[in-house]
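Protein chains in written order, with my numbering: chain A, 1214 to 1534; chain B, 1214 to 1534. All remarks here apply to the structure that follows.
There are 2 protein chains.
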Amino acid sequence: MYYLGIDIGGTNTEFAYVDPSGCIIARGKVPTRGAASPLHLANAVHSAASLAAEEAGISPTPLSVGIGAPCSNPISGQIEGATDLPWPSPIPIADIFQKQFNAPTVLANDANAAAAGEMQFGAAKGLRNFIMLTLGTGVGSGIVCDGNVLLGSRGFAGELGHVSLGRGFSRLCSCGRKGCLQCYASASGVVATALELLAESDAPSSLRDLEQSDITPKDVALAAEEGNELALEVFRRTGAVIGEALASYAAFSDPDAVVFFGGVARAFPLMHKAIREAMEANILFLYKNRIKLLQSSLPGADAAILGAAAAGMLACRSNQS
Amino acid sequence: MYYLGIDIGGTNTEFAYVDPSGCIIARGKVPTRGAASPLHLANAVHSAASLAAEEAGISPTPLSVGIGAPCSNPISGQIEGATDLPWPSPIPIADIFQKQFNAPTVLANDANAAAAGEMQFGAAKGLRNFIMLTLGTGVGSGIVCDGNVLLGSRGFAGELGHVSLGRGFSRLCSCGRKGCLQCYASASGVVATALELLAESDAPSSLRDLEQSDITPKDVALAAEEGNELALEVFRRTGAVIGEALASYAAFSDPDAVVFFGGVARAFPLMHKAIREAMEANILFLYKNRIKLLQSSLPGADAAILGAAAAGMLACRSNQS
């Protein structure tokens, strides 16, 4: 028997049966918008999953079901206020799928699912204490401490993208506050730093050939990989901010490692040295030179579904113990 | 049967049998320095505890043993590098007491024991998510998330006294870094703020009648309680710094409450409003107006021993589940 991971997106809902080592045994997808209600979606996923399981020659009944979805509350098992989904909120999605599949079912938010996936199948395999930082459109995080993915009172533990870096960090964040890590380490944060550097000097850069409004983190990474000093400096500055933030985060959960995931994290090799230097320069002696910096090793396209399956696996195991 | 709490101090080792509601049924102490080795100490505690149990008419065999001691590593169960104790380090104290009492035994550090005590018997009773801040000579913390006291990779989770407040906070900390919460919220931090305010103006204050080097947080609190504006401002500033720090901490563990404990926390009523205002002004919307600020309700003199007993209780229960 296998673990079912389900990733509910605005357009499609993908699913996969995953074995304990993280291999996908069977998979498929159904259109999310084609379902008249969450019940209809669960029914459609069940039919498609049963078919996929049958074709792969495995039992369609999973050991556990893990669901990833936007605006997930892992405590209540509900989707709350998801504007990308065509049904009214709250949606008791864990209950609905639990009844449909007759298996223990959990709902995980993006960062928590990513942390679970990394712990079960990825770069954090075997670690009981680490912080997962997802650097993408936003900056999210999942904190694993003493072997558990932290949830907190209402499922909002680990919003490290919105820890303020303090005075001297003045960029305005989408959350309405100033100086959040997200303003510096997200995709738009990297672009903002690039624009700042372009404005600060006349240093040559292929980035000057692009419309400013078109510049992406990928453009900056490409220029850096070609050796452009200005682009390299963008990632050094980004890394320095991340490292300074991590020095504080260590004092919360005493982690063995920080795992970097997401679009901006593809430039991890360009930031690694700056992160390390800023982290060690600012960290309390108890944690000095003890925290590994790791790049996610989950396949990007399947990370969400593997993370969802892993969240289900973990919940299933902790119920048994 | 009862839970045994033991507090190993440099001078004396105190112990108490505690019932599930936190009542002390029997208690006693032995001189720490009188013991030739940790084994001799365990033996002396066992003899004294057996006698105390007999006098109280209860079984001397406890359900669990919880030990609080300086420089405790709750992961290894060892005391490591405690200069206040007369024996060479590391000391496998949990093992030694476990054999002596033939009961499950855990070693807890000060802040984790305080958090356990508050959760079992004090202001955080019934809460599964809270942060315990101990404001004393230093600033320590214990983080309870999803019902567990966080330990981390090497037992150093929750060193929130040494999270830097960022640029603009320039006081030098005993840890060698700058701007740690401890520099502002500890006993010496409160005194430093008082001295700053005394130097900043000629505002009247009974604190001016004291030698600067003799001023204690208690003096400042007394002046504040008598309505001295300068002394009141000391606690407003202290509270504002604590509140700003808490706004960041919330993003880690999504707590329901923060519990304040320790000598400086006796002035909690003088800081409460400033903490609340600064916290709400700086916090992410997800946590706004949701976090209770509570003063410890454990009896100060027995807090260490009740905390140790509670840490043993919790470990005992999580092993059974």
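The beta-carbon is built from N, C-alpha and C at its ideal position, and this holds for glycine as well.
Distance check between A/A1463 and each of B/G1365, B/R1421, B/L1443, B/E1446 places B/G1365 closest, using alpha-carbon atoms only.
Counting C-beta pairs closer than 8 Å gives three or more between the segment 1508-1521 of chain A and the segment 1215-1225 of chain A, which meets the contact rule. Residues of the segment 1346-1377 of chain A with a Cβ closer than 8 Å to any Cβ of chain B, in chain order: I1356, C1358, D1359, N1361, L1363, L1364, G1365, S1366, R1367, G1368, F1369, A1370, G1371, E1372, L1373, H1375, V1376, S1377. Look at B/N1495: its C-beta is under 9 Å from a C-beta on chain A. The criterion of a C-beta distance shorter than 9 Å is satisfied by B/F1343 and B/V1357.
DSSP places B/S1354 in no alpha helix (DSSP H) but in the uninterrupted beta strand (DSSP E) bounded by 1352-1358.
Around the beta carbon of A/P1233, fewer than 16 other beta carbons lie within 10 angstroms, which makes this residue exposed. Beta-bridge annotation (DSSP): B/E1227 is paired with B/D1220, B/K1242.
Taking 3 residues as the shortest admissible run, the segment 1266-1345 of chain B contains the following complete beta strand (DSSP E) segments, listed from N- to C-terminal end: 1277-1281, 1318-1321. Taking CB atoms only, B/N1342 has a neighbour in chain A less than 9 Å away. Pairing B/G1368 with A/G1379 gives a Cβ-Cβ distance that is not under 9 Å. Residue pairing by DSSP places B/T1347 opposite B/G1353, B/F1474 in a beta bridge. Here B/I1504 is not bridged, per DSSP, to any residue. Beta-carbon to beta-carbon, A/T1274 and A/T1245 are separated by about 23 Å, too far to satisfy the 8 Å threshold. Around the CB of B/E1438, fewer than 16 other CB atoms lie within 10 Å, so the residue is classed as exposed. For A/D1323, the closest Cβ of chain B is not nearer than 9 Å. The C-beta of B/R1479 comes no closer than 9 Å to any C-beta of chain A. For B/Y1230, no Cβ of chain A is located within less than 9 Å of the residue's own Cβ. In the three-state reduction of the DSSP assignment, A/V1362 falls in the strand class.
The beta carbon of B/A1255 lies closer than 7 Å to those of I1309, F1310, Q1313 in the same chain, with the five residues before and after it left out.
Burial state of A/R1421 is exposed, judged by a 10 Å Cβ sphere holding fewer than 16 other Cβ atoms. G1379, R1380, G1381, F1382, C1388, G1389, R1390: these are the residues of the segment 1379-1392 of chain A whose beta carbon lies less than 8 Å from some beta carbon of chain B, given in chain order.
Secondary structure of B/S1377 (DSSP, three-state): strand.
Put simply, the CB of A/S1461 is near chain B, with a gap under 9 Å to one of its CB atoms. Excluding sequence positions up to five before and after A/L1348, its CB lies within less than 6 Å of the CB of A1398, G1475, V1477, A1478, all in the same chain and listed in chain order. Inclusion of B/A1329 and B/A1524 in the CB contact set at 9 Å is warranted, their separation being smaller than that value. Cβ-Cβ distances below 8 Å link B/S1387 to G1351, Q1395 in the same chain, with the five nearest sequence neighbours on each side left out; the list follows chain order. For B/D1467, the residues of chain A that pass the 9 Å Cβ criterion are L1363, L1364, G1365, S1366, R1367, G1368, F1369, A1370, G1371, E1372, in the order they occur in the chain. Taking A/L1499 as reference, the option from B/S1461, B/R1390, B/M1214, B/A1494 with the minimal CA-CA separation is B/R1390. Against B/A1464, the close residues of chain A are E1372, L1373, H1375, V1376, in the order they occur along the chain (beta-carbon pairs closer than 7 Å).
Residues of chain B with a Cβ closer than 8 Å to the Cβ of A/Y1500 are, in chain order, F1369.
Counting along the chain, the unbroken alpha helix (DSSP H) around B/N1495 starts and ends at 1481-1495. Counting only unbroken stretches of 4 or more residues, the alpha helix (DSSP H) elements lying wholly within the segment 1414-1464 of chain A are 1430-1438, in sequence order. Counting the other CB atoms within 10 Å of its CB gives A/A1229 a total of 16 or more, which places it among the buried residues.
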